[in-house]
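Protein chains in written order, with the numbering used here: chain A, 113 to 757; chain B, 113 to 757.
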């Protein structure tokens, strides 16, 4: 993709961006503060910048005077970068000169992508379902054994295939399909998980269909469901689509879904609704990739335990009752159509096993898909979604736990918290002198509230700028009308009412901050509890893997600043995106991985943190920014100084 | 049952009969001739007998004078035996005195019944589906593993059960069922055919359901379908029911069904219709035995290859096209509901494998059920039904073939031939002097035609009395109006028109006899061809097993007289009834037998007789009564003299 260089003056800060990038987003990425409150609707007109060299697309607003425009002023939030440019941030909308030296670019986790070629080299690229093109001998008086017998003999002799078993629908089609193209057929064979078990012949078609080997991977999230269409020959993703889980209208989180499911036929309703969501996704990706649904032989689904049980029609009632037991860890292979999916009748469905009621198949999929289960390195895997789960270990051992972090980082329990959707403030900077904010919203519209990444960033920025202390309380001596006391609580006004969609001031209160601290403390205590249970500590960590939608937005420095992540070298942190979907994808294309899943799940020692005495101690110690034990965050002050702006 | 002794005078022949036996049937059984033509309707009044001691029930008719009745005359066909009696056959309705010494009782094959206790002693009484009552530990904080995990651990520790796998519907029920009766549950487990494979948990119920272990066995005949309900614990048959195969209206034999099935959606119609028949039978036997359908865990079905493929929805088109290949030998295990059967969703269906297009699962079931597959004795197994199949061998080897005997012994191609239903002449004797017949009809009604056993008996009786010669031609020099020439063909009048239901003379023509000879020659040639293929001959046979509806009526002496059966000591001949049903029953109660089926089928060498050169020579040699090579029937003349009457 075409790249452009932006030089920000007076900081002389350069950044390379993709063609079409929004200028204010580029500034945020570079760590360059521009006052901005309205999310990019051009309402506040605070983000006036001067294009000194080159030019931008758009950027013009009625809030700019004709003279301004002629001079080269543009609204950063409306400007699209189409070439190399030099941009000056005017004094009135920038920080003071004293901060010029501390501008620094944000650190995100390295994005790790699956490298299929490694699997191929290791000869581990064996999909759970294969297609074989066979020329079967025609029957004669000398060989009038049955169609199936001649076929089996041929597979044995020519392909060294054994332990084959037909499914009934294949036998129903076989005689006619054989004779359709002169006894040349393509067989679809489902491999067993363990060697020595049966290879099921699940489909037969006339002629050569081997170039069409497709699979689907699905992540059923509590909030969002994602699907991918895969070519199991190349491992390529041919199409993907995501949509809200239709169950959302029946409850935001797993607990409220379970509560709803307990009444009457509600569990069936939830099952039907999520199946509809998945079917819609399947329809979309098939339509996008223009493939035949009959060429899709396998679908792997990964989800947390509650989502899995609801999808399969297994009552999730006991998941939320002490001692919190799921119905099962392993789900049998079955036919996709038997689960209500609109797929061909031969297509098999594989469902990721879970470890416990709150460490589900989505986490297992992440552990598998990320390769954590076979690494030598001591790894901390964190899946931050609607729920947070952590896994620590390597190829020798694995411990895991669900963190009752609460939904604060999803916007829950925070006055202006909201889900990461249009109008959510997702990024934030502050002028350390004027305390004026710079915000970005999802969709570049007027803000409605603050989503998880916005809250995380805000907390760190407020702390770095001493607007709040390590105890999460506001420095009330600062002279700004943005910090005020309302209903006995201090709060910071991020956006004034007239620049919002909600016509109320968007604020972050001390209570909100307290909830965020509790949430990050729960996470941190989780790491500590798991690590100390095996006699290790943070310093021993070789690697951190972030998974889940939240992880993609995390500024690593900021997450370490507030103690949400343990302090490690940022180079050690990788982001795998949707780990659940990644694991589902890997499972659909590698039978070896599938063979390893069972053993891995059995190795994953589950901790019920609420039942683990040290957890509460660790939690109490973490109720501080970043932590009461500052030896765990030796670089805190350095980072704080670097980041302050 | 109460037995009575009947003494027939003047022959001084005694026979023991069950209470309620019909007197003329008792006479036939004893080989005592009484003229009788009307089938027992009392119309011909020829069967007047004098009750000299004791008395009979009924037997009175308006055709008897008051004086006759007072003297003790009764119509034998209307008389019911209720006590010991002495009966005199009047001269006018009996044979002449010269025959007094040759009266002999008929020899039927010994009926063999399955002895479950032998299986039990041999520790082979392991049903393919079992129920286990388990007390599962309740979950606690110390053991909060999943419901399925606690259950599996419990089965492993307490029952030494391994390789267990849940079916999805079981997992869907498990959490609630576990908690219904304090974690006490009954599991239904389907065993694998081979050790080391998976044990599928197919059902779960609260409390102890182990006393209710039921199975169903079904024989899908071309003409008739039989079902039995079995207690898999005791092996007892709890109820049974038979009904015509609903497909009958679409064709009498397999070929006409295939021809019909080839057009449009007809195959689906035939499938639907036979499924309806089976469902009706299942409903009847469940109703008769008053059991819960949910306690039936297994159904085994056996049928010929065409019936099996039609039932399963597999196109049978290629069965009747050279080189006559079936779709498959083995059918996968599946769910009964997936075959359209009205059974519980957990119930599994097992279908007997076939050897070839014309040696089907019904024959394999007979070979398994009769134990022939594991005997040391050289055995000839003959399944005589709508089609005839023969198997020769022992536990070391087996050869088999379908005989294109044609339907003559089912009444096909015979002018007055008919199926064995009400009004069919089923038994026959003749007065060697007057050539007057004695007939019995099914249902004791006026005759409509002649069924298979009637034809077999007639042919033998006519031969024994020199009414026909060994070439099947009538002795035209006999002085009786019953032998006559019509349309250039000689025939014997069995019943005059006025005593029939059809108001035409019922006759047996030379053409009919020719067809019967061809049919028996085809059978005999089959035995010879199979035997000589392994270097053996008739004298080497240790045992003959008769199976099929027809076999029950066969008078062994008569069958040997005409050469339908090879000449062996009658003691070596056993009759197992419906071999297909017997095999289905055994399969439903012994997994060991099921394990042996695959290997047995693989051992059964199939001969396409039409493709075997020696078959035609053997056939030509057998177109004589009993055979052109009389050394094969050394006792023919002895038997003929003994039997003549």
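Where is the CB? At the ideal position from N, CA and C, for every residue including glycine.
- Residue 491(B) is bridged by DSSP to 505(B), 655(B).
- When the five nearest sequence neighbours on each side are left out, the beta carbons in the same chain lying within less than 7 Å of the beta carbon of residue 245(A) are those of 298, 320, 322, in order along the chain.
- Under the Cβ criterion of 8 Å, residue 261(B) is counted among the residues facing chain A.
- Annotation: residue 266(B) has no Cβ neighbours in chain A at a cutoff of 8 Å; minimum Cβ distance is about 14 Å.
- Counting other Cβ atoms within 10 Å of its Cβ, residue 433(B) stays below 16 and is therefore classed as exposed.
- Cβ contact annotation for residue 601(A) (same chain, cutoff 8 Å, sequence separation greater than five): 621, 622, 623, in chain order.
- Just so you know, the alpha carbons of residue 347(B) and residue 353(B) end up roughly 17 Å apart.
- Within chain A, the residues placing a beta-carbon under 7 Å from that of residue 435(B) are 251, 252, 253, 256, ordered along the chain.
- Look at residue 438(B): its C-beta is under 8 Å from a C-beta on chain A.
- If you compare the alpha carbons of 572(B), 331(B), 424(B) with that of residue 280(A), the shortest gap goes to 424(B).
- Burial is judged here by how many other beta carbons sit within 10 angstroms of a residue's own beta carbon; residue 285(B) has at least 16 and is buried.
- In this structure the stretch 287 to 306 of chain A does not touch the stretch 292 to 307 of chain B; the number of beta carbon pairs closer than 8 Å is below three.
- The three-state reading of DSSP puts residue 552(B) in strand, counting E and B together.
- Contacts with chain A (Cβ-Cβ distance below 8 Å) from the stretch 406 to 433 of chain B involve 424, 425, 426, 427, 429, 430, listed in chain order.
- Within the model, the alpha-carbon separation for residue 363(B) versus residue 437(B) is close to 21 Å.
- Below the 7 Å Cβ cutoff, chain A contributes 427 as neighbours of residue 288(B), in chain order.
- Beta-bridge analysis with DSSP links residue 120(B) to 125(B), 199(B).
- Counting other Cβ atoms within 10 Å of its Cβ, residue 690(A) reaches 16 or more and is therefore classed as buried.
- When the beta-carbon positions are compared, residue 398(B) and residue 390(B) stay at least 8 Å from each other.
- For residue 512(A), no chain B residue has a Cβ inside 9 Å of its Cβ, as the nearest lies near 14 Å away.
- Excluding sequence positions up to five before and after residue 727(B), its CB lies within less than 7 Å of the CB of 637, 641, 721, all in the same chain and listed in chain order.
- The continuous stretches of alpha helix (DSSP H) do not include residue 665(B), and DSSP gives it neither H nor E.
- For residue 564(A), no beta strand (DSSP E) segment is defined; the enclosing uninterrupted segment is the alpha helix (DSSP H) at 564 to 576.
- In the structure shown, residue 311(B) adopts extended strand secondary structure according to DSSP, grouped into three states.
- Nearest to residue 695(A) by C-alpha distance, out of 598(A), 477(A), 143(A), 457(A), is 477(A).
- Three or more beta-carbon pairs separated by less than 8 Å are not found between the stretch 549 to 568 of chain A and the stretch 743 to 751 of chain A, which leaves the two stretches without contact.
- Look at residue 464(A) here: in three-state DSSP terms it is coil, with no helix or strand label.
- Just so you know, the alpha carbons of residue 698(A) and residue 408(A) end up roughly 16 Å apart.
- Interface criterion met: the Cβ of residue 278(B) is under 8 Å from a Cβ in chain A.
- Ranked by how close their Cα comes to the Cα of residue 312(B), the residues 271(A), 422(A), 256(A), 444(A) have 444(A) in first place.
- Neighbours of residue 443(A) in chain B, taken as residues whose beta carbon is under 8 Å from its own, are 280, 283 in chain order.
- For the options 512(A), 387(A), 310(A), 592(A), the alpha carbon positioned closest to that of residue 717(A) is the one of 512(A).
- Under the three-state reduction of DSSP output, residue 422(A) falls in the helix class.
- Here residue 529(B) is actually not in contact with residue 557(B); their C-beta atoms are around 18 Å apart, not less than 8 Å.
- Annotation: residue 515(B) has no Cβ neighbours in chain A at a cutoff of 9 Å; minimum Cβ distance is about 17 Å.
- Within the same chain, and ignoring the five residues on either side of residue 169(B) in sequence, the residues whose Cβ sits closer than 6 Å to its Cβ are 192, 194.
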